[in-house]
Amino acid sequence: MRCSVGIAGFILSIGMAVDANVLTFERLKEELRAGKSLRAAVEEGRRRAFPSILYSNLATIMTAGILFWFGTGTVKGFALTLAIGVGVSFFTAVIVTQMLLHAAIEASSLRRRRLYGVEEKAPDSRVAGAPVAAV
47 MRCSVGIAGF
57 ILSIGMAVDA
67 NVLTFERLKE
77 ELRAGKSLRA
87 AVEEGRRRAF
97 PSILYSNLAT
107 IMTAGILFWF
117 GTGTVKGFAL
127 TLAIGVGVSF
137 FTAVIVTQML
147 LHAAIEASSL
157 RRRRLYGVEE
167 KAPDSRVAGA
177 PVAAV
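Under this note's numbering, residue 181 is the last one in the sequence shown; the count climbs by one each step, no gaps.
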């Protein structure tokens, strides 16, 4: 039973890591849709996602601390595994993911907005002031 509780803490940590990356990439997509450059969207997306990632990880680590303090045996193992996993996932979400995104920006083959889930804007071919046909 002790091993399965540690695995549960590990699985929960993986879930939190996935959540942090989903938050980061959704904020990135929002900024790209707003028309920002890829570099500006990465910075603004990171800035906007960081508080949510920080507070959710802090709340989980505080909960793990309480479980470790008041728990016995297997609960302490779960709490310790959870705290270590959340700490590692926070580091990867904040540091490693950002390093990878900045490396992706520098690679010319990875600069297309479509790769980040946002359609390329087609240039507007209408002439300013020209009438538009109603359909």
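All residues carry an ideal CB built from backbone N, CA and C; glycine is no exception.
Which residue wins for smallest C-alpha separation from Arg94, given the options Ile130, Arg73 and Val121?
When each option's Cα is compared against that of Arg94, the closest is Arg73.
Does the stretch 113 to 131 touch the stretch 148 to 163, meaning 3 or more C-beta pairs lie closer than 8 angstroms?
The stretch 148 to 163 vs the stretch 113 to 131: no contact.
Can you look up Ala125 in the DSSP assignment and give me helix, strand or coil?
Helix at Ala125.
On the criterion of 16 or more Cβ atoms from any shown chain inside 10 Å, does Ile99 qualify as buried, or is it exposed?
Taking a 10 Å sphere around the C-beta of Ile99, we find 16 or more other C-beta atoms and assign the residue as buried.
Are the stretch 54 to 67 and the stretch 83 to 92 touching by the rule of at least three beta carbon pairs closer than 8 angstroms?
Fewer than three Cβ pairs drawn from the stretch 54 to 67 and the stretch 83 to 92 lie within less than 8 angstroms of each other, which leaves the two stretches out of contact.
My understanding is that Thr109 touches Gly55, with C-beta atoms under 8 angstroms, so please give their C-beta distance in whole angstroms.
With 8 angstroms as the limit, Thr109 and Gly55 do not qualify as a contact, their Cβ atoms being about 11 angstroms apart.
Helix, strand or coil, according to DSSP, for Gly119 in the structure here?
The answer is coil: DSSP assigns Gly119 none of H, G, I, E or B.
Hey, out of Leu78, Gly123 and Thr106, whose CA is closest to Val132's CA?
Taking only the C-alpha atoms, the option nearest Val132 is Thr106.
Below 8 angstroms on the Cβ atoms is my contact criterion, and I expect Gly52 with Phe136 to pass it. Report the Cβ-Cβ distance as a whole number of Å.
So it is not a contact: roughly 19 angstroms between Cβ atoms.
Helix, strand or coil at Lys75 according to DSSP, with G and I counted as helix:
Note: Lys75 maps to helix in three-state DSSP.
Among Asn103, Glu77 and Lys75, which has the Cα closest to the Cα of Val134?
Ranking Asn103, Glu77 and Lys75 by Cα distance to Val134 puts Asn103 first.
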